[in-house]
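Have a look at the structure below before the remarks.
Numbering (the working numbering), first residue to last: 1 to 273.
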């Protein structure tokens with residue numbers, strides 16, 4: 001995806017027709033001529049509920065397919081007050097007409113407090129409920145579309161991604177196994193981590209440890225006064241070694257960068273439309 005921008009469409013629970021008012025990305029001038037790639041994303045494991053009257057005249061929570069006004073307003077307030085928003089992919093939901101990346105939305109609040117978007121909303125009386133069983137039973141209601149919309153033609157082919165794949169037939173046991181392997185978000189962010197496409201790469205905690213190359217104190221003293229002559233020019237050995245070590249550390253840092261076909265997206269947009 002060299003020289004292409006990544007745009008994430010975050011589904012927040014109600015139908016929105018894509019237009020200039022619902023999708024807005026203000027890009028620096030140097031990026032406005034680049035082609036775009038669109039990823040459609042959705043939070044997972046949560047269901048909107050509403051009060052219904054049962055046959056026994058009891059008021060209970062019933063599953064619906066739309067977030068209510070209170071949930072949407074609270075979601076907008078949280079995102080507006082967040083310093084940054086992070087989306088961490090978990091699985092690829094593939095349907096007949098569309099593919100949606102499922103994941104967790106995190107908000108960095110003032111004071112470097114990191115919260116899970118859905119878990120925070122669940123603390124408020126906005127009729128949202130984290131319920132894996134009900135979520136799996138209603139996959140067809142949440143992700144079925146009658147036709148292929150135009151945004152699908154803008155999305156890249158993600159068949160080769162390293163994400164787990166879910167379908168509308170995924171059962172609760174399979175979904176729970178995928179959730180166990182979900183990555184943990186780390187706020188460690190490299191200032192030099194911006195790629196050429198203008199997106200920002202976020203560090204996710206991995207079990208693999210990267211090698212860090214450096215000189216010891218004795219080695220610095222040994223090579224500080226050593227000079228090497230090449231083609232009639234004299235070079236300091238310590239400077240040569242430091243430059244090579246810096247190159248090795250850069251290679252170590254980015255050696256897996258091209259393997260991350262579907263990465264984390266970070267946006268500075270302050271509100272949902």
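We put the CB at the ideal spot given by N, CA and C, even for glycine.
Ordered along the chain, which non-local residues of its own chain (more than five positions away) have a Cβ less than 7 Å from that of residue i?
i: residue 248; result: 213
i: residue 227; result: 234, 235, 236 and 237
i: residue 53; result: 59
i: residue 100; result: 40, 41, 42, 93 and 143
i: residue 124; result: 74
i: residue 241; result: 215 and 223
i: residue 220; result: 238
i: residue 217; result: none
Counting contacts by CB-CB distance shorter than 8 Å, is residue i in contact with chain E?
i: residue 65; result: Among the chains in the structure shown there is no chain E, since it carries only a single protein chain.
Thinking C-beta only, is residue j closer than 8 Å to residue i?
i: residue 71; j: residue 117; result: no
i: residue 172; j: residue 95; result: no
i: residue 74; j: residue 121; result: yes
i: residue 275; j: residue 135; result: Since the first residue of the chain shown is 1 and the last is 273, residue 275 is not available in this structure.
i: residue 88; j: residue 111; result: no
Taking the DSSP output, what are the residues bridged to residue i?
i: residue 49; result: 63
i: residue 165; result: 92
i: residue 246; result: BP columns for residue 246 are empty, so no partner.
i: residue 229; result: 234
i: residue 130; result: 46
i: residue 82; result: Paired residue(s): none; residue 82 is not in a bridge.
Return the chain-ordered list of same chain residues with a C-beta closer than 8 Å to the C-beta of residue i, the five sequence neighbours on each side being excluded.
i: residue 174; result: 166
i: residue 180; result: none
i: residue 49; result: 61, 62, 63, 64, 127, 128 and 129
i: residue 245; result: 213, 214 and 215
i: residue 119; result: 130
Ordered along the chain, which non-local residues of its own chain (more than five positions away) have a Cβ less than 6 Å from that of residue i?
i: residue 141; result: 65
i: residue 83; result: 108
i: residue 139; result: 168
i: residue 224; result: 238
i: residue 68; result: 127
My assumption, with CB atoms under 8 Å, is that residue i sits in contact with residue j. Please give the rounded CB distance.
i: residue 105; j: residue 178; result: With 8 Å as the limit, residue 105 and residue 178 do not qualify as a contact, their Cβ atoms being about 17 Å apart.
i: residue 252; j: residue 211; result: 5 Å
i: residue 132; j: residue 176; result: 7 Å
Exercise for the section: Only counting runs of 4 or more residues, tell me where the alpha helix (DSSP H) segments fall wholly within the segment 92-126, in order along the chain. Expected result: 117-122
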